[in-house]
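In this note's numbering, the protein residues as written are 295 to 523.
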C-alpha cells in the first residue's frame with residue numbers, strides 16, 4: 295500500500311498579518327456596536343414624518359450621507375480619522391434604525407421580535423464566520439453572483455416602493471438575508487486569503503452585511519410573528 299500524503303496548500307494557511315487584520319476587524323466590529331446602539335436609542339425617540347411623506351427624497355438624502363461617509367472612510371483608511379468616520383457612519387446607521395424599531399415596538403411582542411432579530415443575526419454571523427475561518431475555503435467565487443443579486447435586489451426594492459406589494463416586500467427581505475449572508479462569507483474569506491488588508495475597510499464591509507441581515511430579519515419577523523392584539 296502506498297502511504298497517503300496530504301498535499302500542502304499554502305492558501306490554507308492564515309499568515310500572521312491576516313490573523314492580525316481579522317482580529318482587529320472583529321475588535322473594531324465590537325466597538326461599532328456602541329455608536330450603533332446609541333444612534334438607535336436616539337432614533338427611536340425621533341419623528342420621521344418627512345421620511346414617511348417623501349420616501350424618495352429621504353432615500354436620496356440618506357444615500358448622499360452614506361456615500362459621503364464611505365468616501366471619507368476609504369480616503370482615510372490608514373489613519374485615525376478613518377476610524378472616527380467609521381464610528382460616525384455606524385452612529386448614522388443606528389439612527390436610521392429608528393423607523394423600523396418604532397414599528398416593531400408597536401407590537402405587543404415588539405421587544406421579543408427585536409431580540410429574536412438580534413439573536414438570529416448573531417447566530418448567522420458566528421456560524422458563517424466559523425465556516426469561513428475553520429474551512430479556510432476561498433469564497434471569492436461568490437463575488438460576481440452576489441453583485442448581480444445585489445443589483446437585482448436594489449431594483450426590486452425601488453420598484454416595490456411604488457407598487458407596495460406586501461408579499462414582494464417579504465420576498466425581498468428573505469432574498470436580502472441570503473445575499474448578505476453570502477457577502478459575510480465573501481468578506482471574511484477575503485480577509486483570510488489576503489484580499490483585504492485594511493481592518494477599517496474590512497470592518498465597514500462586515501458591519502454592512504450584519505446591519506442588512508438584522509433589518510431584513512426584523513422585517514420578516516414583524517410580518518410573520520408580530521402580535522398586534
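All C-beta atoms, glycine included, are put in the ideal place defined by N, C-alpha and C.
Since we're looking at a predicted model, the values are computed, not measured.
Output the boundary residues of the alpha helix (DSSP H) element that contains residue i.
i	result
residue 381	374-389
residue 451	437-457
residue 314	310-338
residue 395	392-398
residue 401	Element bounds for residue 401: n/a, residue is neither H nor E.
Evaluate residue i with the Cβ neighbour count: other Cβ atoms within 10 Å of its Cβ, from every protein chain shown; 16 or more gives buried, anything less gives exposed.
i	result
residue 486	buried
residue 392	buried
residue 506	buried
residue 303	Because the pLDDT at residue 303 is just 47, under 50, the model does not fix this residue reliably, and the value given afterwards should be weighed accordingly. By the neighbour-count rule (16 or more Cβ atoms within 10 Å), residue 303 is not buried but exposed.
residue 494	buried
residue 376	buried
residue 484	buried
residue 424	exposed
residue 315	buried
residue 300	In this predicted model, residue 300 has a pLDDT of only 43, less than 50, meaning its place in the structure is not dependable enough to derive any value.
residue 313	exposed
residue 310	exposed
residue 365	exposed
residue 475	buried
residue 419	buried
Determine the contact status of residue i and residue j, defining contact as a CB-CB distance below 7 angstroms.
i	j	result
residue 411	residue 518	no
residue 403	residue 521	yes
residue 524	residue 504	Not covered by the structure: residue 524. The range shown for the chain is 295 to 523.
residue 467	residue 514	yes
residue 406	residue 338	no
residue 593	residue 447	The structure shown does not extend to residue 593, since the chain spans only 295 to 523, so no value can be given for it.
residue 492	residue 317	no
residue 388	residue 427	no
residue 408	residue 417	no
Residue i: beta carbon under 6 angstroms from a heavy atom of the ligand FMN?
i	result
residue 331	The ligand FMN is absent from the structure shown, which contains no ligand whatsoever.
Could you tell me whether the region 306-321 touches the region 378-387, where touching means 3 or more Cβ pairs closer than 8 angstroms?
-> no
Is the region 451-468 touching the region 327-342, taking contact as three or more C-beta pairs under 8 angstroms?
-> no
Hey, which unbroken runs of the beta strand (DSSP E) at 3 residues or more fall wholly within the region 475-517?
-> none
Touching or not, the region 433-449 and the region 470-480, by the rule of three or more beta carbon pairs under 8 angstroms?
-> yes
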